[in-house]
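Remarks on the structure that follows.
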Amino acid sequence: MLDVGDNILSPGAVVLGGEPEQPAAGEARSAWRTAAGELLGNYLGVAGLGIIVLMALFSFVGPLVYHTQQVNTNLTQVNLAPGGKFPLGTDQVGYDVLGRLMVAGQSSLEVGLAAAVIAVGIGTVWGAVSAFVGGWVDSVMMRVVDALIAIPTVLLVLLLATIVTPSVLTMIYVLGFVSWIITARLVRGEVLVLRTLDYVSASRLAGERPVRIVLRHVVRNVIGIVAVQATFEVANAILLLATLSFLGLGPPPPAVNWGGMLTTGLNYIFDGYWWQIYPAGLCIVLTVVAFNLLGDATRDALDVRLRQR
Amino acid sequence: MRLLRRVLVSIAAVSAVGAMTAAVGAGAAGAAPARHAAGNGGVVTFAEQPGAPPTYIFPLYNGANSENADITYLQPLMWLPLYWFGHPTSSAATINYKLSMADPPVFTNNGETITMKLKHFAWSTGAAVTARDVVFWMNLVMNEKTNYAGYVPGGWMTHVASYKATGTATFVLNMNKSYNQTYLLYNGLATLTPMPQQTWDKTSSTSANGTYDTTAAGAKAVYSYLNSASLSLSTWDTNPLWQVVDGPWRLKPTTGFQVTGQVTMIPNKKYSGPNKPKISEFQELPFTSASAEYDALRSGTVDYGYVPTTDIGALGSLKASGYNVNPWYEWGLTFVGILFNNPKYQALVSQLYIRQAMQSLINQPEYIKTILDNYGTPTYGPVPTFPKTSFLAPAAKKNPYPYSVSSAKKLLSAHGWTIHSGGTDVCSKPGTGAGKCGKGIAAGTKLALSFMYPSGFPNIDNEIQVMRSTYAKVGIHLTLSEAPENTVLADGYACIGKTAATCPTSTPVLSIISSPVYTYVPIYYPDGTSLFGCGGATNGGNYCNHQVNKYLTQIESQGNAASTNTLHTYQVYLAKQLPDLWFPNAAYQISAISTKLKGVTAQDSTGHIYPSTWTLKP
Chain U
1 MLDVGDNILS PGAVVLGGEP EQPAAGEARS AWRTAAGELL GNYLGVAGLG IIVLMALFSF
61 VGPLVYHTQQ VNTNLTQVNL APGGKFPLGT DQVGYDVLGR LMVAGQSSLE VGLAAAVIAV
121 GIGTVWGAVS AFVGGWVDSV MMRVVDALIA IPTVLLVLLL ATIVTPSVLT MIYVLGFVSW
181 IITARLVRGE VLVLRTLDYV SASRLAGERP VRIVLRHVVR NVIGIVAVQA TFEVANAILL
241 LATLSFLGLG PPPPAVNWGG MLTTGLNYIF DGYWWQIYPA GLCIVLTVVA FNLLGDATRD
301 ALDVRLRQR
Chain Y
1 MRLLRRVLVS IAAVSAVGAM TAAVGAGAAG AAPARHAAGN GGVVTFAEQP GAPPTYIFPL
61 YNGANSENAD ITYLQPLMWL PLYWFGHPTS SAATINYKLS MADPPVFTNN GETITMKLKH
121 FAWSTGAAVT ARDVVFWMNL VMNEKTNYAG YVPGGWMTHV ASYKATGTAT FVLNMNKSYN
181 QTYLLYNGLA TLTPMPQQTW DKTSSTSANG TYDTTAAGAK AVYSYLNSAS LSLSTWDTNP
241 LWQVVDGPWR LKPTTGFQVT GQVTMIPNKK YSGPNKPKIS EFQELPFTSA SAEYDALRSG
301 TVDYGYVPTT DIGALGSLKA SGYNVNPWYE WGLTFVGILF NNPKYQALVS QLYIRQAMQS
361 LINQPEYIKT ILDNYGTPTY GPVPTFPKTS FLAPAAKKNP YPYSVSSAKK LLSAHGWTIH
421 SGGTDVCSKP GTGAGKCGKG IAAGTKLALS FMYPSGFPNI DNEIQVMRST YAKVGIHLTL
481 SEAPENTVLA DGYACIGKTA ATCPTSTPVL SIISSPVYTY VPIYYPDGTS LFGCGGATNG
541 GNYCNHQVNK YLTQIESQGN AASTNTLHTY QVYLAKQLPD LWFPNAAYQI SAISTKLKGV
601 TAQDSTGHIY PSTWTLKP
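Just so you know, the protein sequences line up as chains U and Y, in that order.
Just so you know, our numbering puts 302 at position 302 of the first sequence, and the rest follows in order with no gaps.
Just so you know, our numbering puts 377 at position 377 of the second sequence, and the rest follows in order with no gaps.
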């Protein structure tokens, strides 16, 4: 059983008052194996992971199996109800909705994952540096975070989205740059605790450079929080992309994402074209819930206090 | 003319971050209209367009204050123009002498002297409407030309020699140029609006009424006072100025206007013209979104509203709940604007054959049928194809460039382009001779164009998606960008009057706003001088064709028969020249009118409404 503040990746370094030791490769693998075992023992987490894998297969492998025309519109087959030729019907310009969901899923997942990576990357470095350096640097960096938190995320996203030309790539940057704030706060809080632990103090006394201490001992010890936060950020990014598309600021055609499909479908809510609304909505809900389940399970697996066994 | 005011509004709006917050709030619930209990004659509720409440009450309005909510739904119900255009019983955008305050104008002195005799109309104070009230209007407008939406630089106002009241009911206008009579009536005399000189001729709320308008400085001071009073929206229903009307309606004192845009009007008991109001109250209700309006409509709180175009498929339930549904078309045009002075694309769009290829890839009948659910009319040239008028040349009723992918391919390949269906065509034969790409197009140039369109308009979004897809079939690549409509407008006008050297290459070369893009209101003559004439006030694409200018000059100065012939020749010529890409004209709104509301026999293409002809069945 590990104690609070244990270094998961470098268990050897957590001997309080002792010399920081380099973890044996086997020990690190063991710690990961334990966490993985915990994760796989969490049914909800496994379900979340399974849904994510299925969604990824659906989006990226699906088009290789189910061939549809997703480039040229076809006004002779608009708004057709689900049937033999079109399992989920067609949309308002004649695209096959099932095929469209697959293509849209690619954008949604790509943007969600990439934006999450950017967000947790910036947030982790920002929070770690702020907490580890402390003093006025911490004050300034945290006031920046406070100021950004005070601005509604949607407004911030809108501002950025109106400045740049929308595309999948720019959406990744925009969403990544507005989503790092919470991660920064979480990491800072964790690092404030870590920096007082003996192995960090020992590293300092041993003459290790601050950058090395942050990267080797501090950041690696907040990886659990970051991993959990990353899953939530994926879900957030997918939702924010949907919001932007809803407001007409998402990537323009021919790019498509689930949020955009949902928005377009909602225009026809009184027409009874349910196949243009529910499938896209379901994809968003399933994916977001899956990432949240995975996030919860990951947190449980990495945090010894929350482990079931 | 709506285009001009949209431009003016947007240029100011786009620079404000507030525009985006407004966009965020656009989906919020609209006003919650509370239907009053019907009194004597009943209360009729009418839905304003989403996000477009009235903002200006003074009938001498500028471009930024000329939404339908102001100039057709509000002002003409209280202050009648001298000559009324439009009809309560038909959609024809023609002069209506029966509803006009004056007899037909008499042209003498080679057409340079126009005499107008007023019929008997009275102000709500009991005083008669006189020629002096027309002089009052002229004094203000001639001294504040640039603050009037109907002013066109170099237009008829520039050629006014003098004007005066030669009697209580006779107004004489002298021009220093002979105009075509119909042209002057539709574009000039149509704008004259008598205003109550006896009560409005003042420079402040405390000044005595006088004759300030007779000097230039005085006229400007009077305008300034009335303009500021009009901009004070919260005082509209308490300011005694606006209670002096000659139309059938007036604002209900103290509760007639809310700054959110809700208007409540009551009958003007002293109204002396035709069609006296039969209902006791007329309410115009504001909405922040079409869906909010539709919710109100479905709940039965709106007598005269509209159905969002995307909900056309659900008309059955609406009809079953007691509404008749009819499309309302405006006297206007819809087109994709082409920016001719963007240096990046100038060489491409200057080639007529490229414009012809692009036009022949727009399948207007199919767009109307499938995307607009048949609630649209085609646009083939500068004169609207609907409503039918004698202005429309028989030859202009046909599409000059019918939909044909093969024709577009042939045109491009015959001019030196290597076709890449699904990709982007490349110029392989540069030069200016036959079979070459044309002047300024280098070898290897790709046929790729930027295209900006407004967000929040599902039908436009669908049309543009189809257009992109069709263009791709012949290798014309469209790079789409979506933006709030005000941004599209501002970008579409970013290079007006500029040379290619000063026009940013990032400005979209193609752009469109919501339909109709341009309405011939309050300048009703459908020649499109300001749209297509060189240096025209609303010629955002900087199209300039000297043959077009020659025609326009002839149209406004020839005799009636010759002018009509020239108009016919001109419109056929311009339709083929493609100063823009003609696009389907969607219905201004698909109106839902309660079956209890009687008397709505037609919807006026000039945008006017006639609540004084309506009755409400209990």
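Backbone N, C-alpha and C define an ideal beta-carbon position, used for all residues, glycine too.
In DSSP terms, what residue i is bridged to
i	result
residue 589 of chain Y	Y:328
residue 267 of chain Y	Y:249
residue 95 of chain Y	Y:85
residue 477 of chain Y	Y:448
residue 283 of chain Y	Y:45, Y:264
residue 174 of chain Y	Y:113, Y:162
residue 338 of chain Y	Y:510
residue 485 of chain Y	According to DSSP, which records beta bridges pairwise, residue 485 of chain Y is partnered with nothing at all.
residue 185 of chain Y	Looking at the DSSP assignment, residue 185 of chain Y forms no beta bridge with any residue, so it has no partner.
residue 581 of chain Y	Y:336
Length of the line joining the Cα atoms of residue i and residue j
i	j	result
residue 188 of chain Y	residue 164 of chain U	45 Å
residue 394 of chain Y	residue 362 of chain Y	22 Å
residue 618 of chain Y	residue 165 of chain Y	47 Å
residue 267 of chain U	residue 199 of chain U	59 Å
residue 156 of chain U	residue 104 of chain U	24 Å
residue 598 of chain Y	residue 616 of chain Y	6 Å
residue 340 of chain Y	residue 182 of chain Y	32 Å
residue 5 of chain Y	residue 331 of chain Y	At residue 5 of chain Y the pLDDT is 48, less than 50, meaning the model places this residue with poor confidence and gives no usable figure here.
residue 313 of chain U	residue 258 of chain Y	Any property of residue 313 of chain U remains undetermined from this structure, which presents chain U solely from 1 to 309.
residue 76 of chain Y	residue 178 of chain Y	29 Å
residue 290 of chain U	residue 180 of chain U	21 Å
residue 312 of chain Y	residue 106 of chain U	32 Å
residue 270 of chain U	residue 291 of chain Y	10 Å
residue 293 of chain U	residue 279 of chain U	21 Å
Chain Y contact residues for residue i, given Cβ-Cβ distances below 8 Å
i	result
residue 70 of chain U	Chain Y residues near residue 70 of chain U: none, gap ~10 Å exceeds 8 Å.
residue 92 of chain U	371, 458, 462
residue 236 of chain U	The contacting residues do not exist; residue 236 of chain U stays about 18 Å from chain Y at best.
Identity of the residue in the options nearest residue i by Cα
i	options	result
residue 88 of chain Y	Y:601, Y:616, Y:519	Y:601
residue 287 of chain U	U:113, U:77, U:63	U:113
residue 490 of chain Y	Y:519, Y:205, Y:460, Y:453	Y:453
residue 156 of chain Y	Y:131, Y:439, Y:431, Y:113	Y:113
residue 509 of chain Y	Y:502, Y:448, Y:100	Y:448
residue 552 of chain Y	Y:539, Y:542, Y:535, Y:570	Y:570
residue 128 of chain Y	Y:135, Y:137, Y:118	Y:118
residue 500 of chain Y	Y:471, Y:543, Y:484, Y:475	Y:543
residue 134 of chain U	U:188, U:271, U:70	U:188
residue 546 of chain Y	Y:429, Y:538, Y:534, Y:224	Y:534
residue 382 of chain Y	Y:47, Y:611, Y:561, Y:572	Y:572
Buried versus exposed call for residue i [16 or more other C-beta atoms within 10 Å across all chains shown]
i	result
residue 304 of chain Y	buried
residue 495 of chain Y	buried
residue 488 of chain Y	buried
residue 33 of chain U	exposed
residue 300 of chain U	buried
residue 273 of chain U	buried
residue 236 of chain Y	buried
residue 108 of chain Y	exposed
residue 442 of chain Y	exposed
residue 163 of chain Y	buried
residue 288 of chain Y	buried
residue 119 of chain U	buried
residue 195 of chain U	buried
Chain-ordered chain Y contacts of residue i [CB-CB under 9 Å]
i	result
residue 96 of chain U	Result: empty, since nearest Cβ-Cβ is about 14 Å, beyond 9 Å.
residue 253 of chain U	461, 464, 465, 468, 469, 480, 482
Where residue i meets chain Y, residues with beta-carbon distance less than 7 Å
i	result
residue 215 of chain U	Those do not exist, as residue 215 of chain U stays about 39 Å from chain Y at its closest Cβ, beyond 7 Å.
residue 78 of chain U	370
Chain U contact residues for residue i, given Cβ-Cβ distances below 9 Å
i	result
residue 473 of chain Y	72
Proximal chain U residues relative to residue i, where beta-carbon distance stays under 7 Å
i	result
residue 366 of chain Y	75
Test: residue i CB closer than 8 Å to a CB of chain B
i	result
residue 272 of chain U	The question asks about chain B, but that chain is absent: this structure's protein chains are U and Y.
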